[in-house]
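Chains as they are written, first to last, in my numbering: chain A, 25 to 348; chain B, 25 to 348.
Think of the CB as a built atom: it goes at the ideal place given N, C-alpha and C, for glycine as much as any other residue.
In this text, all values refer to a predicted model and were calculated from it rather than measured experimentally.
2 protein chains.
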Amino acid sequence: MGKRHKKKAKGKSSKEAKHRRASAAPPRVIEQVPTADGRSVETKIAEPIGGFTEALRIDKGFSLAGLDPSSTPGFDGAKKDGRRVLAAAMDEFTDLTERLYAASTAGSRQGVLLVVQGMDTAGKGGIMNHVVSINPQNVQATAFKAPTKEELSHDFLWRIEKALPATGQLGVFDRSHYEDVLIVRVLDLVPEREWSTRYAQINAFERKVARSGTRIIKVMLHISKDEQRARLRERLERPDKYYKYTPGDVDARERWDDYMEAYQAVLDKCSTVGAPWHVVPANRKWYARLAVQQLLLEALRDMDLKWPAADFDIETEKARLAAS
Amino acid sequence: MGKRHKKKAKGKSSKEAKHRRASAAPPRVIEQVPTADGRSVETKIAEPIGGFTEALRIDKGFSLAGLDPSSTPGFDGAKKDGRRVLAAAMDEFTDLTERLYAASTAGSRQGVLLVVQGMDTAGKGGIMNHVVSINPQNVQATAFKAPTKEELSHDFLWRIEKALPATGQLGVFDRSHYEDVLIVRVLDLVPEREWSTRYAQINAFERKVARSGTRIIKVMLHISKDEQRARLRERLERPDKYYKYTPGDVDARERWDDYMEAYQAVLDKCSTVGAPWHVVPANRKWYARLAVQQLLLEALRDMDLKWPAADFDIETEKARLAAS
C-alpha cells in the first residue's frame with residue numbers, strides 16, 4: 025500500500041491535520057495576483073486547502089488492493105462541506121484556466137492534460153459535469169471509445185496525439201491510451217508481446233508531451249465492486265439512465281480482478297516524475313469531484329500563471345480610444 | 025424597426041405582460057418527463073419564462089438603428105433577478121443538453137448550433153463563460169479567427185463545415201461564416217462581386233444544415249458605440265484584460281457605421297425560417313446572457329427530447345447484475 029494513502033488513512037501526523045482543516049467552506053480572500061509587467065490584479069480566491077496532490081499521488085510500491093474506495097484522503101469534512109468547497113473554488117479554477125489561455129496568446133507553450141480512468145460508473149461523467157464545466161473555449165474534452173478501423177490501422181498513440189490539447193487549453197481525456205493496456209490486456213485484443221511493450225512507449229510519449237510544456241495529471245477513480253453493482257442497478261431502474269448501460273458492463277464486472285491487476289500494472293509501470301498517477305477513492309462521488317478539482321487547482325497554482333503584459337503602448341491607445 | 029422589438033419596447037399588450045412576469049426567480053417545479061418507452065422521469069426545472077424567441081427574433085423590415093441596446097425585451101426584472109433566473113435555469117439547460125446527447129446514442133440526428141456575432145466587447149466571451157459552460161463533452165465551441173492560408177485557399181464555408189457540431193452536440197460559433205460578409209465587406213478583403221454572392225450561399229448552406237437535423241440559433245449581441253468605448257477603456261485599465269485588447273479594435277470603431285450597415289444587410293438577407301436571426305440588446309451583460317440562455321432553452325424544449333428506450337431486456341440485465 026502506498027505510503028501516502030496509508031498515512032492519510034491514519035491521519036495522525038500534524039501535517040495531516042493541516043491538510044484536513046477545511047471541513048467548513050473556506051472563506052473568500054482577495055489575492056494580489058502579479059502580472060508579467062510588474063503590476064498586480066485583485067482576484068477573489070477561495071482559501072486553498074492544499075495537500076491533495078501529496079495525499080493522492082501514488083508512491084513506489086503502492087497497492088490498489090490496500091486502498092479503501094470509501095476513504096477521503098486529504099479532507100475530513102462531510103458531503104455538504106465538500107460540495108461547498110467545490111462550489112467556492114470554481115471562481116479560482118475558472119480564473120486560472122483563463123490565465124492559462126491568456127498566457128498562450130503571449131507565446132507561452134503551457135497547457136494542462138487531465139487523464140481520467142476508472143471502471144464503468146466510477147464517476148468519469150461526473151467529473152465532466154461538475155468539475156471541468158468551464159468556458160468551452162478553454163477546455164478540450166475527448167471521450168475515447170472503441171477505436172475505429174482507421175484508428176486501428178495506426179499505432180495506438182496516433183489518435184491520442186491528435187487529441188492533445190492546444191497550448192493554453194485544459195485537455196481532458198475520458199479514458200485514454202491506457203485502455204490499450206487495460207481492456208486490451210484483459211481481453212487479449214492484441215498478443216501479450218505487443219501490449220507488454222506499450223508501457224515503455226506510453227512513458228516515452230508522456231515524457232515528450234510534458235517536455236513540450238503540457239502538465240499531465242493522471243487520475244484513476246477507484247470504486248469498489250459492490251459500489252459498481254449499486255450504480256449499475258440504478259442505471260437499470262431509472263429510464264433517464266438506460267442509455268448509459270450496456271450488457272457489456274456486466275461482462276466487464278466478471279473480469280473485475282483481471283482489470284484490477286491491469287490497473288495495478290499501469291500504476292506500477294507508468295507513474296513517472298513528469299506524469300504521476302493519482303488514485304482517487306471514488307465511492308463517494310462528492311469526494312472524487314472535489315479531489316480532482318483540487319488536483320487541478322494545485323497544479324495550476326504551481327504553474328505560476330501570470331496575465332501577459334500589454335504588447336502595445338497603453339497611453340497611446342487610451343488617447344486613440346478617447347478620440348474615437 | 026422590427027415589429028417585435030417595437031412591441032417589446034412599449035410593453036403594453038397583455039401578451040407582453042405574460043412574458044414579463046418573471047421579475048423574481050422562478051420557483052423550481054418537478055416535471056414528469058416522458059421517455060421514449062412510455063415511462064417518465066422526474067426532473068427539477070425552473071418554471072419557464074418563455075417568450076424570448078418571439079421577443080428577439082427579427083421580423084422583415086427590422087432596423088438595427090431603431091433598437092435600444094440598453095433595453096431588455098421579454099424581461100422586466102432587474103439585474104439581480106436576471107442573474108437569479110440564469111442560475112436557476114442552469115439545471116434544466118444541463119439536463120436538456122444531456123438529453124440531446126442521449127438521443128444521439130439511440131440514433132437521433134438532432135443537434136443545435138448557436139452562432140454568436142457582435143462587435144468587439146459585445147460580450148461573446150461572457151456567453152462562453154456564463155451560459156454554455158456545461159459538460160465539455162456535450163458542447164463543441166469554435167472561435168473563428170482570421171482565416172489561415174490553408175483556409176483561404178478553400179471556399180469560405182470550408183472551415184465552417186468542418187466545425188459543425190456532431191449529432192447530439194451543442195455547437196457554439198464565436199464569430200462565424202458571417203465574418204465573410206462583415207469584416208470582409210467593410211474592409212474590401214475580396215471584391216464586391218464575390219462577397220455579394222455569399223448571402224445566398226450562406227442561406228443555402230444553413231438550409232442544408234437545418235435539414236440534416238441541426239437547429240440553428242443565430243444571435244447578434246448589439247452594443248452601442250459608447251458602451252464599446254467604456255468596455256475597451258476597461259481593457260486598457262486592467263492588467264488582466266490587456267490580452268483582450270488590440271490596437272485594431274480602435275480601427276474597427278472608426279468604421280462603426282460601415283459595420284452596422286453590413287450587419288443590417290446580414291439581417292435583411294439571411295434571416296430565414298429555418299435559421300432566423302435574433303438581435304439581443306447587449307449593453308447590459310446580465311440581460312444578454314439571460315436572453316441567449318433562454319433562446320437556447322426555448323429551442324431545446326421545442327425539440328421535445330426524450331430519454332431513449334432501453335435497447336436491452338431490463339429484467340434479464342437486473343438478474344445478470346445481481347448474480348455478478
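Classification of residue i by the beta-carbon crowding that lies within 10 angstroms, buried from 16 upward
{"i": "G104(B)", "result": "The identity of residue 104(B) in the sequence shown is Lys, whereas the question assumes Gly. Label assigned to K104(B): exposed."}
{"i": "S94(B)", "result": "exposed"}
{"i": "G142(B)", "result": "buried"}
{"i": "T145(B)", "result": "buried"}
{"i": "S128(A)", "result": "buried"}
{"i": "E251(A)", "result": "buried"}
{"i": "H178(B)", "result": "exposed"}
{"i": "T221(A)", "result": "exposed"}
{"i": "R209(B)", "result": "buried"}
{"i": "R133(A)", "result": "exposed"}
{"i": "P332(B)", "result": "buried"}
{"i": "K84(A)", "result": "exposed"}
{"i": "A49(B)", "result": "Bear in mind that the predicted position of A49(B) carries a pLDDT of just 43, short of 50, making it unreliable; the figure below should be weighed with that in mind. Under this definition A49(B) is a buried residue."}
{"i": "A126(B)", "result": "buried"}
{"i": "F336(A)", "result": "exposed"}
{"i": "A334(A)", "result": "buried"}
Chain B within 8 Å of residue i, Cβ atoms only
{"i": "R108(A)", "result": "no"}
{"i": "F86(A)", "result": "no"}
{"i": "M284(A)", "result": "no"}
{"i": "V210(A)", "result": "no"}
{"i": "W331(A)", "result": "yes"}
{"i": "S200(A)", "result": "no"}
{"i": "P189(A)", "result": "no"}
{"i": "S220(A)", "result": "no"}
{"i": "L345(A)", "result": "yes"}
Expected contact under 8 Å - CB spacing of residue i and residue j to nearest Å
{"i": "G135(B)", "j": "A187(B)", "result": "That pair is no contact at about 12 Å."}
{"i": "V243(B)", "j": "V139(B)", "result": "7 Å"}
{"i": "R308(B)", "j": "T77(B)", "result": "The pair is not a contact, with the Cβ atoms about 19 Å apart (cut-off 8 Å)."}
{"i": "H201(B)", "j": "I226(B)", "result": "6 Å"}
{"i": "I82(B)", "j": "S248(B)", "result": "Actually they are not in contact, since the Cβ atoms of I82(B) and S248(B) sit about 18 Å apart, beyond 8 Å."}
{"i": "Q288(A)", "j": "L110(A)", "result": "Their Cβ separation, rounded to whole angstroms, is 29 Å, which puts Q288(A) and L110(A) out of contact at 8 Å."}
{"i": "L120(A)", "j": "L291(A)", "result": "Rounded, the Cβ-Cβ distance is 28 Å, inconsistent with contact."}
{"i": "L80(B)", "j": "H302(B)", "result": "4 Å"}
{"i": "L124(A)", "j": "I241(A)", "result": "That belief does not hold up - the Cβ atoms of L124(A) and I241(A) are roughly 13 Å apart, past 8 Å."}
{"i": "L345(A)", "j": "L211(B)", "result": "At roughly 20 Å, the Cβ-Cβ gap does not stay under 8 Å, so L345(A) and L211(B) are not in contact."}
{"i": "A112(B)", "j": "L321(B)", "result": "Between L321(B) and A112(B) the Cβ distance is about 11 Å, and since that is not below 8 Å, they are no contact."}
{"i": "A315(A)", "j": "V304(A)", "result": "5 Å"}
{"i": "G75(A)", "j": "G98(A)", "result": "5 Å"}
Within-8 Å CB hit, residue i to chain A
{"i": "A130(B)", "result": "yes"}
{"i": "I82(B)", "result": "no"}
{"i": "E175(B)", "result": "no"}
{"i": "N159(B)", "result": "yes"}
{"i": "I241(B)", "result": "no"}
{"i": "E251(B)", "result": "no"}
{"i": "P263(B)", "result": "yes"}
{"i": "M327(B)", "result": "no"}
{"i": "P93(B)", "result": "no"}
{"i": "F168(B)", "result": "no"}
{"i": "R257(B)", "result": "yes"}
{"i": "V140(B)", "result": "no"}
{"i": "P305(B)", "result": "no"}
{"i": "E336(B)", "result": "Note that residue 336(B) is Phe in the sequence shown, not Glu. Chain A contact via Cβ: present."}
{"i": "A49(B)", "result": "Low local confidence applies: a pLDDT of 43 at A49(B) is under 50, so the model's placement there is unreliable, and no value is given."}
{"i": "L245(B)", "result": "no"}
Sub-8 Å separation of residue i and residue j beta-carbons
{"i": "Y267(B)", "j": "A130(A)", "result": "yes"}
{"i": "F197(A)", "j": "T166(A)", "result": "yes"}
{"i": "L181(B)", "j": "F229(B)", "result": "yes"}
{"i": "E203(A)", "j": "P271(B)", "result": "no"}
{"i": "Q164(B)", "j": "G195(B)", "result": "yes"}
{"i": "A239(A)", "j": "A102(A)", "result": "The sequence shown places Arg at residue 239(A), rather than the Ala named in the question. No, Cβ-Cβ distance for R239(A) and A102(A) is not below 8 Å."}
{"i": "Y150(B)", "j": "R262(B)", "result": "Note on residue identity: the sequence assigns Gly, not Tyr, to residue 150(B). For G150(B) and R262(B), no; Cβs fall outside 8 Å."}
{"i": "N162(B)", "j": "E216(B)", "result": "no"}
{"i": "P160(B)", "j": "P160(A)", "result": "yes"}
Any non-hydrogen atom of the ligand ADP within 7 Å of residue i CB
{"i": "A79(A)", "result": "Among the components of this structure there are no ligands whatsoever, and the ligand ADP is therefore not found."}
- Could you tell me whether the region 230-238 of chain A touches the region 271-286 of chain A, using the rule of 3 or more Cβ pairs below 8 Å? Contact annotation: the region 230-238 of chain A does not touch the region 271-286 of chain A, with fewer than three C-beta pairs closer than 8 Å.
- Should the region 150-158 of chain B be regarded as contacting the region 169-176 of chain B, the criterion being three or more beta carbon pairs within less than 8 Å? Segments in contact, no.
- Query: Okay, do the region 309-329 of chain A and the region 82-92 of chain A touch, 3+ Cβ pairs below 8 Å being the bar?
  - Reply: No, the region 309-329 of chain A is not in contact with the region 82-92 of chain A.
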